[in-house]
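>
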Amino acid sequence: MNILTTNYHISPELVKKAEEIEIALKPQFENIEKIQEKNQLWVLDCFREERIQPSHFASTYGYGYDDTGRDKLKTLFARIFKAEDAIVRPQIASGTHALALALQGLTRKGTRILSASGAPYDTLEGIIGHKKEVEGSLIDMGATYTELPLKNKRLDFEGLKTEAKNADLIMLQRSRGYQDRPSLLVSEIKQACDIIKSANENAIIFVDNCYGEFVEEMEPIEAGADIIVGSLIKNAGGGIAPTGAYIAGKKELIQKIAYRMTAPGIGEEVGSYAGGYLPFFQGIFLAPQTVAQALKGAIFASKVLEEFGYTPSPRYNETRGCIIQSVCLYNKENLVEFCRQIQAVSPVEAFVTPEPWAMPGYTDEVIMAAGTFIQGASIELSGDAPIREPYMFYMQGGIVYHQVKAAILCAVQKMKGDK
Ligand SMILES: *Cc1c(COP(=O)(O)O)cnc(C)c1O
Numbered sequence: 061m062n063i064l065t066t067n068y069h070i071s072p073e074l075v076k077k078a079e080e081i082e083i084a085l086k087p088q089f090e091n092i093e094k095i096q097e098k099n100q101l102w103v104l105d106c107f108r109e110e111r112i113q114p115s116h117f118a119s120t121y122g123y124g125y126d127d128t129g130r131d132k133l134k135t136l137f138a139r140i141f142k143a144e145d146a147i148v149r150p151q152i153a154s155g156t157h158a159l160a161l162a163l164q165g166l167t168r169k170g171t172r173i174l175s176a177s178g179a180p181y182d183t184l185e186g187i188i189g190h191k192k193e194v195e196g197s198l199i200d201m202g203a204t205y206t207e208l209p210l211k212n213k214r215l216d217f218e219g220l221k222t223e224a225k226n227a228d229l230i231m232l233q234r235s236r237g238y239q240d241r242p243s244l245l246v247s248e249i250k251q252a253c254d255i256i257k258s259a260n261e262n263a264i265i266f267v268d269n270c271y272g273e274f275v276e277e278m279e280p281i282e283a284g285a286d287i288i289v290g291s292l293i294k295n296a297g298g299g300i301a302p303t304g305a306y307i308a309g310k311k312e313l314i315q316k317i318a319y320r321m322t323a324p325g326i327g328e329e330v331g332s333y334a335g336g337y338l339p340f341f342q343g344i345f346l347a348p349q350t351v352a353q354a355l356k357g358a359i360f361a362s363k364v365l366e367e368f369g370y371t372p373s374p375r376y377n378e379t380r381g382c383i384i385q386s387v388c389l390y391n392k393e394n395l396v397e398f399c400r401q402i403q404a405v406s407p408v409e410a411f412v413t414p415e416p417w418a419m420p421g422y423t424d425e426v427i428m429a430a431g432t433f434i435q436g437a438s439i440e441l442s443g444d445a446p447i448r449e450p451y452m453f454y455m456q457g458g459i460v461y462h463q464v465k466a467a468i469l470c471a472v473q474k475m476k477g478d479k
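Under our numbering, the sequence shown has 220 at position 160, and the numbering climbs by one with no breaks.
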């Protein structure tokens, strides 16, 4: 008997159905592998060009003057993302921290910020300070903020033509985050960049690249973005980097951000890491493969959930711009069961039972699954949901496809299926 049946208690009928679904998904899987191959060979070539060697992996201490590992890591990232320069640091604690750092580094009194992809990711509310007064927010420091709403869930290119003239820094968010909209494709980012550059050549185009890296063959810098930001416990860390984030883009902008990161006049000259840089190099090397695993898992989940009568987004055959998969599960019981099965089929803390809880700062109760090696790493199979209608579950990651497959099969078998 199949190990899915003997050890995961999935019925032989469902195992057979899963096999049929995998055959049906062949065109989608082959497309992912094609993108993976191109991205993987590009990353490998960047390693060769940068002459990466064991001394770059060493631990460093103190000020970190002449930290060649740190400096190599940044030139490697810059090359991979086709940027003039980059900052890659374990000391940047999260994607939100990197976004704050970059935005603060580029903002002065009077800077006009425009979010061109509608409302930004939740954690940016504190950074910008547009929802309520936040001490030290960009608005508190003298910036202004405008939001260009999406039009039919897509970028409003017409509106952007006008709004771009009145903005100094224009933000685009590649991933859908927790919104009910498709993620931005790099071709759409390019279209936006072209419009912005012809309307206002001085505007800085800023892309929140979280969850988007290596999903497509092109990255936003190639499309015309001036600065991109992402987390290393998401795509670009390949499931290996233990912490950190990166910022890549125009040299003069990276310099301003570096002055904000440490101190004006010092910038990137300092910063050591006693843990050593090995996992960051390994992580970015593995990232195209890891992202491909996560995408295959998401597509499998989407197809299976659809066959069982739930409503996934994106659908299995839609073009993807990020690794997030959402699914409408119709009631609380399904939501809780789904989340518990994701946790139960995880390598770490599989024995833990997720419960809905009142998370600080959220209106509704939230339930989460995160059986991950690295705390909060959402490139590993993980997911969460607010307990409210229409009972949407947001899942992402999966550094190994077979884990995602087993988890999804356990979930659909356990859920009652009623709406
Ligand atoms: C995850 C994410 C962030 C914030 O990153 P954290 O590492 O969770 O702080 C910002 N924007 C988007 C689109 C994200 O997906």
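Beta carbons are placed, not taken as given, at the ideal position from N, Cα and C, and that holds for glycine.
Values in this document were obtained by computation on a predicted structure and should not be read as measured data.
Answer yes or no: do residue 146 and residue 336 have a C-beta to C-beta separation smaller than 8 Å?
Taking 8 Å as the Cβ cut-off, residue 146 and residue 336 do not qualify as a contacting pair.
> Could you tell me whether the Cβ atoms of residue 170 and residue 202 are closer together than 8 Å?
Yes, Cβ-Cβ distance for residue 170 and residue 202 is below 8 Å.
> Is there at least one non-hydrogen atom of ligand 1 closer than 7 Å to the beta-carbon of residue 183?
Yes, the Cβ of residue 183 comes within 7 Å of a heavy atom of ligand 1.
> Are the Cβ atoms of residue 377 and residue 88 separated by less than 8 Å?
Yes, the pair counts as a contact, with Cβ atoms nearer than the cut-off.
> Once DSSP output is grouped into helix, strand and coil, what is the label at residue 266?
It is a strand residue.
> Buried or exposed: residue 450, going by 16 or more other Cβ atoms within 10 Å of its Cβ?
Residue 450 comes out exposed.
> Can you tell me whether DSSP reads residue 388 as helix, strand or coil?
Strand, per DSSP.
> Hey, quick one: how far does the beta strand (DSSP E) through residue 473 stretch, first residue to last?
From DSSP, residue 473 is part of no beta strand (DSSP E) but of the alpha helix (DSSP H) over 461-474.
> Quick one: what's got a C-beta closer than 7 Å to residue 418's C-beta in the same chain, skipping five residues either side?
So the qualifying residues of the chain are 425.
> May I ask you to verify whether the segment 372-390 touches the segment 404-414, counting CB pairs closer than 8 Å and requiring at least 3?
Taking 8 Å as the limit for Cβ pairs, the verdict is that the segment 404-414 does not touch the segment 372-390.
> Is residue 211 helix, strand or coil by DSSP?
Reduced to three states, the DSSP call for residue 211 is strand.
> Between the alpha carbons of residue 432 and residue 423, how many angstroms are there, rounded?
When rounded, the distance between both Cα atoms is 26 Å.
> What residue ranges within the segment 380-463 form continuous beta strand (DSSP E) runs of no fewer than 3 residues, ordered along the chain?
Fully enclosed beta strand (DSSP E) runs of 3 or longer: 385-388, 426-429, 442-446, 452-456.
> Could you check if residue 240 belongs to the surroundings of ligand 1, using beta carbon to heavy atom distance under 7 Å?
For ligand 1, not one heavy atom lies less than 7 Å from the Cβ of residue 240.
> What does a CB cutoff of less than 7 Å around residue 332 pick up in its chain, not counting 5 residues either side in sequence?
Counting only Cβ-Cβ distances below 7 Å, and skipping sequence neighbours, we find 120, 121, 122, 123, 124, 127.
> According to DSSP, is residue 36 part of a helix, a strand, or is it coil?
No statement about residue 36 is possible, as the shown extent of the chain runs from 61 to 479 and does not include it.
> Is the CB of residue 78 under 8 Å away from at least one CB in chain B?
Here chain B cannot be found, since the structure has a single protein chain.
> Taking DSSP as the reference, what is the three-state secondary structure of residue 480?
This structure cannot settle anything about residue 480, because the visible part of the chain is limited to 61 through 479.
> Do residue 177 and residue 188 come within 8 Å of each other at the CB atom, strictly closer than that value?
No, the Cβ-Cβ distance between residue 188 and residue 177 is not below 8 Å.
> Under 7 Å from any heavy atom of ligand 1, does the C-beta of residue 271 make it?
Yes, ligand 1 has a heavy atom inside 7 Å of this Cβ.
> Is DSSP giving residue 173 helix, strand or coil here?
Correct three-state label for residue 173: strand.
> Considering only DSSP beta bridges, list what residue 372 is partnered with.
According to DSSP, residue 372 bridges with 387.
> According to DSSP, what are the bridge partners of residue 147?
Paired residue(s): 307.
> For residue 289, which beta-bridge partners are listed by DSSP?
Partner(s): 268, 307.
> Decide yes or no for the touch test of the segment 305-312 against the segment 433-444: beta carbon pairs closer than 8 Å, at least 3 of them.
Taking 8 Å as the limit for Cβ pairs, the verdict is that the segment 433-444 does not touch the segment 305-312.
> Just the Cα atoms here: how many angstroms apart are residue 77 and residue 227?
Whole-angstrom Cα-Cα distance: 53 Å.
> On the three-state DSSP scale, how would you describe residue 201?
Reduced to three states, the DSSP call for residue 201 is coil.
> Kindly give me the distance between the Cβ atoms of residue 249 and residue 285, rounded to whole angstroms, as I take these residues to be in contact under 8 Å.
The pair is a contact, with the Cβ atoms about 7 Å apart (cut-off 8 Å).
> Kindly indicate which three-state DSSP category residue 278 falls into: helix, strand or coil?
Three-state DSSP puts residue 278 in coil, outside helix and strand.
> Report, in whole angstroms, the separation of the C-beta atoms of residue 256 and residue 205, which I expect to be a contact under 8 Å.
Residue 256 to residue 205, Cβ: 17 Å. No contact.
> Per the contact definition of three or more C-beta pairs closer than 8 Å, is the segment 321-329 in contact with the segment 279-297?
Contact between the segment 279-297 and the segment 321-329 is absent, because fewer than three Cβ pairs lie under 8 Å.
> Given a cut-off of 8 Å, decide if residue 298 and residue 346 are closer than it, judged by their beta-carbon atoms.
Their beta carbons are under 8 Å apart, which means residue 346 touches residue 298 by this criterion.
> Could you say which of 351, 267, 107 lies nearest to residue 459 if we only look at CA atoms?
Nearest C-alpha to residue 459: 351.
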